[in-house]
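Participant: Residue numbers (our numbering), protein chains in the order written: chain A, -4 to 105; chain B, 2 to 514. Built from N, CA and C at the ideal position, the CB exists for glycine as well.
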Amino acid sequence: MVPLSWYLVLAAFVFSCGLYGALVRRNAIAVLMGIELMLNGVNINLVAFWRYGDIIDKATQQVVRLDGQIFALFVIAVAAAEAAVGLALIISIYRNRKTVSLDQMDLLKG
Amino acid sequence: MNAISVTSLGSLMPEIILLIGGLLILILDTAMSEENDSGRGYMAIAVVFLLAAIVPVYLLLNTKPHTALMVVDVDPFAVFMKFTIYIGMALVAITGGSFMNQHVKGRGEFWTLFMFVTIAMSLAVSANNLILLFLSIEFLSITSYLLVGFIREDQRSSEAGVKYFLYGSVASSIMLYGMSMLYGATGSLMLVDIGKGFAANKDLGTLVLPAVLLVLVGLGFKTSLAPFHQWAPDTYEGAPTPVTAYLSTASKTVGFAVIVRVLLIGLGSFSHEWVPILAGLSIFTMTVGNLVALRQTSVKRTLAYSSVAQAGYILMGLVAVVSSTQGDLKTLAMNGLNGLMIYLFAYLFTNVGAFMVVMAVEAFTGGSDISAFENLSRRSPALAWSMFIFLLSLTGIPLTGGFMGKFFVFGAAVQHQYYWLTAIALINTGIAGFYYLNIIRAMFFGTSGIGTYAGEVAASGEGTVATSAMSISIPIQIGLVICVIATVWIGLYPPSVIEWANNASRTLLGLGS
């Protein structure tokens, strides 16, 4: 079986790519994509920890816990809700300003 | 494992009442047409249900700690926080309601979201499981993004919404990564089991530091701790002022409640790892907040930075709480945690009140710049005097609620021999006095005179408007009176509130009362 650490490295890599994208890109949509990538990195983490955790009941040989998986499912749902709200906000600013560049969102500063 | 029972629904009564209120507004909204719908009905429903939800919370205040539906902790600490949150939201609804009804389209949606955001906060303060914790914080965040950007025609509002959304989602993703590390380290999602896992296995210590840092990014964002505060000024300035009022008070209360719960219950055995981090964050937050607030010209922005600085003082309570042995805490009047709670309670009335004054001035002059406050005492003595009291309370002058909070928090820090931390906090309080007093000076002894407060008014030659009295609507008057009375009342050492806070903090620290 593939060792747990491989999954963790993959998760950390995906998460870091997302974080890099979210911090560096100046386009609001691209930042949103980075955020989704971060959440997916976390999902790999959660499911890997669940799979390698203490989940099998020794006597009956059945899976007794599903918490990590359930958490990952909820994260996917939250990511969808977040994307919906985020896109709605970005569209509302695009209608006013005809741009989604973060550098041009400069009405508020000081 | 106990199944869903009727008795556990009793503990969830406040949330159920709020849910019914929210759904009622949603149903009525579909039945009404947009034109002949002033939104006053929704506002009334929201206020009534928020007040109705306070009743069961009040009854639960001295309850024995128990867990409902396996994941919702109903202990005095959570109940105290719920009490604070509901009062805050009810005050915002009463005072800010008519402002929102005038400015937004889709009033039914606004008030539904307003009720739902209260439910989210209410669940977040009592979640004892990482899943519910994450879900309720996300519920709170996503609803808040919408409320901040709710005035779609206003470019500033939508810009504030987008900025809040982008900062917030990155922060909560980082927090989630930290949560996954906690889960991986201990194999459990329940905070209590995480705490046991860490206490049993000291080898996990290497994981604690990164996990705490990652989780604190997300929660520090919610409470606007520096360096995660950059969103706060922009969002507070651009958002509709009633939304700002609850973001800076109720939402911040939730953030602190969650920090307390995660750190004390989940990571209590590694307090020596995170206390220095919190102390550093606290100093950095209050210093940055106060120094940047000094050079602001907009009152709304000044209050935003001041609320960043206040978060630093509040955090001191948590720094002081765990640094002594448990036996010691029993005899202490100030265990830090009760200071944090009293501070949050007093801060709620003060800051909601201050933002409501800003809202009233904004509605009249069209801006929240300091020049809009020039000679406010002549245009509206009531507004000026209530703002005066709120600013004194924010500074921490005795006989105001703010003093009570600072007294307990600083006192706890001194008792635990954090002299340097207290000294820095006192210096910061002095710095903060400058910009608070500057607003007071403008209100009472404004020099730049009449007509300059709003460019348009001066340009159109109607300078006389500046001297005419400002009319304040009755709901705003009621809200302001409540805020002023509560601010002064908390300053008079009210035994009941202090007793609740003491009781709740001792229960959470596992001491019994």
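What residue range is occupied by the uninterrupted beta strand (DSSP E) comprising Asp74 of chain B?
Facilitator: Where Asp74 of chain B is concerned, the enclosing beta strand (DSSP E) stretches over 73 to 75.
Participant: Residues of chain A with CB under 8 Å from Ile132 of chain B, in chain order?
Facilitator: The answer, in chain order, is Asp62, Ile65, Phe66, Phe69.
Participant: With three or more beta-carbon pairs closer than 8 Å as the criterion, would you say the segment 22 to 35 of chain B touches the segment 99 to 117 of chain B?
Facilitator: Touching, yes, given that three or more Cβ pairs across the two stretches are closer than 8 Å.
Participant: Taking 9 Å as the threshold (beta carbon to beta carbon), is Asp98 of chain A in contact with chain B?
Facilitator: No - not a single Cβ of chain B is within 9 Å of the one on Asp98 of chain A.
Participant: Out of B:Val93, B:Leu510, B:Ile21, B:Leu338, which has the shortest C-alpha to C-alpha gap to Ala413 of chain B?
Facilitator: Checking every option, the nearest Cα to that of Ala413 of chain B belongs to B:Leu338.
Participant: Am I right that Leu226 of chain B and Thr288 of chain B are in contact with their C-beta atoms under 8 Å? What's the rounded C-beta distance?
Facilitator: Incorrect: roughly 12 Å between the Cβ atoms, too far for contact.
Participant: What are the residues in the segment 42 to 54 of chain A lying within 7 Å of chain B by C-beta distance?
Facilitator: The segment 42 to 54 of chain A vs chain B, Cβ under 7 Å: Phe44, Gly48, Asp49.
Participant: For Gly521 of chain B, go through chain A and note every residue whose CB falls closer than 7 Å to its CB, in chain order.
Facilitator: Absent from the structure is residue 521 of chain B, since the part of chain B shown begins at 2 and ends at 514.
Participant: Using a cut-off of 9 Å between C-beta atoms, extract the partners of Arg21 of chain A located in chain B.
Facilitator: Residues of chain B passing the Cβ test: none, with the nearest at roughly 11 Å.
Participant: Check distances from the C-beta atoms of the segment 190 to 209 of chain B to those of chain A and list, in chain order, the residues that come in under 7 Å.
Facilitator: Residues passing the 7 Å Cβ filter: Leu190.
Participant: I believe Gly406 of chain B touches Ala347 of chain B by the beta-carbon criterion, under 8 Å. Please report the beta-carbon distance rounded to the nearest angstrom.
Facilitator: That pair is a contact at about 5 Å.
Participant: Quick check: what's the CA-CA separation for Ser369 of chain B versus Ser174 of chain B?
Facilitator: Roughly 34 Å between the two C-alpha positions.
Participant: Evaluate Phe8 of chain A with the Cβ neighbour count: other Cβ atoms within 10 Å of its Cβ, from every protein chain shown; 16 or more gives buried, anything less gives exposed.
Facilitator: When all chains shown are included, Phe8 of chain A counts as exposed.
Participant: Any chance the segment 244 to 253 of chain B sits against the segment 201 to 210 of chain B, with 3 or more Cβ pairs inside 8 Å?
Facilitator: Touching, no, given that fewer than three Cβ pairs across the two stretches are closer than 8 Å.
Participant: Enumerate in chain order the residues of its own chain whose CB-to-CB distance from Ile479 of chain B is below 7 Å, with the five nearest sequence positions on each side excluded.
Facilitator: Ile95, listed in sequence order.
Participant: Determine the extent of the beta strand (DSSP E) in which Ala273 of chain B is found, giving its start and end residues.
Facilitator: At residue 273 of chain B the sequence reads His, which differs from the Ala that was named. That residue, His273 of chain B, is in no beta strand (DSSP E); its alpha helix (DSSP H) goes 272 to 295.
Participant: Identify whether Met116 of chain B lies in helix, strand or coil by the three-state DSSP scheme.
Facilitator: Looking at Met116 of chain B - three-state DSSP - the assignment turns out to be helix.
Participant: Drop a sphere of 10 angstroms on the beta-carbon of Ala6 of chain A, count the other beta-carbons inside from all chains shown, and report buried for 16 or more, exposed for fewer.
Facilitator: Buried, since its Cβ has 16 or more Cβ neighbours within 10 Å.
Participant: I want to verify the contact list: residues of chain A whose CB lies under 7 Å from the CB of Glu16 of chain B, in sequence order.
Facilitator: Result: empty, since nearest Cβ-Cβ is about 19 Å, beyond 7 Å.
Participant: So with CB distances below 8 Å, who are the chain A contacts of Glu139 of chain B?
Facilitator: Correct list: Val73, Ala76, Glu77.
Participant: Using the DSSP secondary-structure output, state which residues sit across from His67 of chain B in a beta bridge.
Facilitator: B:Val75.
Participant: Of the choices B:Leu124, B:Pro241, B:Ala53, B:Tyr168, whose alpha-carbon is the least far from that of Phe356 of chain B?
Facilitator: Ranking B:Leu124, B:Pro241, B:Ala53, B:Tyr168 by Cα distance to Phe356 of chain B puts B:Pro241 first.
Participant: Give the straight-line distance between the Cα atoms of Thr508 of chain B and Trp501 of chain B, rounded to the nearest whole angstrom.
Facilitator: Going by the C-alpha atoms only, they are around 11 Å apart.
Participant: Contact check, Val320 of chain B vs Val276 of chain B under 8 Å by CB: the rounded distance?
Facilitator: That belief holds up - the Cβ atoms of Val320 of chain B and Val276 of chain B are roughly 6 Å apart, short of 8 Å.
Participant: Going along the chain, which residues of its own chain have a beta-carbon closer than 7 Å to the beta-carbon of Ala385 of chain B, five neighbours each way excluded?
Facilitator: Around Ala385 of chain B: Leu377, Ser378, Met444, Phe445.
Participant: With a cut-off of 9 Å, does the C-beta of Gly456 of chain B fall near any C-beta of chain A?
Facilitator: Reliability fails at Gly456 of chain B, whose pLDDT of 45 lies under 50, so the model's placement of it is uncertain and the value that follows must be treated cautiously. Closer than 9 Å: no.
Participant: Within the continuous alpha helix (DSSP H) that includes Lys301 of chain B, where are the two ends?
Facilitator: That run of the alpha helix (DSSP H) goes 300 to 322.
Participant: What residue from B:Ala32, B:Leu349, B:Ala47, B:Gly42 has the CA that sits closest to Leu19 of chain B's CA?
Facilitator: Nearest option by C-alpha distance: B:Ala47.
Participant: Considering only their Cβ atoms, is the gap separating Ile195 of chain B from Phe69 of chain A smaller than 9 Å?
Facilitator: Result no, Cβ atoms of Phe69 of chain A and Ile195 of chain B do not sit closer than 9 Å.
Participant: Only counting the same chain, and skipping five residues up and downstream in sequence, which positions put a Cβ closer than 8 Å to that of Gly290 of chain B?
Facilitator: Counting only Cβ-Cβ distances below 8 Å, and skipping sequence neighbours, we find Ala227, His230, Tyr306, Ser307, Ser308, Val309, Ala310, Gln311, Ala312, Gly313.
Participant: If I measure Cβ to Cβ from Gly22 of chain B and keep anything under 7 Å in the same chain, skipping five residues before and after, which residues do I get?
Facilitator: Excluding positions up to five away in sequence, the list reads Ile46, Ala47, Phe50, Met116.
Participant: Between the C-alpha atoms of Ala25 of chain A and Asn336 of chain B, what's the straight-line distance to the nearest angstrom?
Facilitator: Answer to the nearest angstrom: the Cα atoms are 46 Å apart.
Participant: What residues from the segment 166 to 188 of chain B come within 7 Å of chain A, judged by C-beta to C-beta, listed N to C?
Facilitator: For the segment 166 to 188 of chain B, which is checked against every Cβ of chain A, the residues closer than 7 Å are Phe166, Leu167, Ser170, Val171, Ser174, Leu177, Tyr178, Ser181, Tyr184, Gly185, Gly188.
Participant: Between Leu52 of chain B and the rest of its own chain, which residues show a CB-CB distance below 7 Å, the 5 nearest in sequence each way excluded?
Facilitator: Answer for Leu52 of chain B: Ala91, listed in chain order.
Participant: In chain order, what residues of the same chain lie with their CB nearer than 8 Å to the CB of Thr488 of chain B, ignoring the 5 residues before and after it?
Facilitator: Closer than 8 Å at the Cβ level, and outside the excluded window around Thr488 of chain B, lie Ala347, Phe350, Thr351, Gly354, Ile390, Phe391, Ser394, Thr401, Gly402, Gly403.
Participant: Who are the neighbours of Phe8 of chain A on chain B, taking C-beta pairs under 8 Å?
Facilitator: Under the 8 Å cutoff, chain B gives no residues; its nearest Cβ is about 12 Å from Phe8 of chain A.
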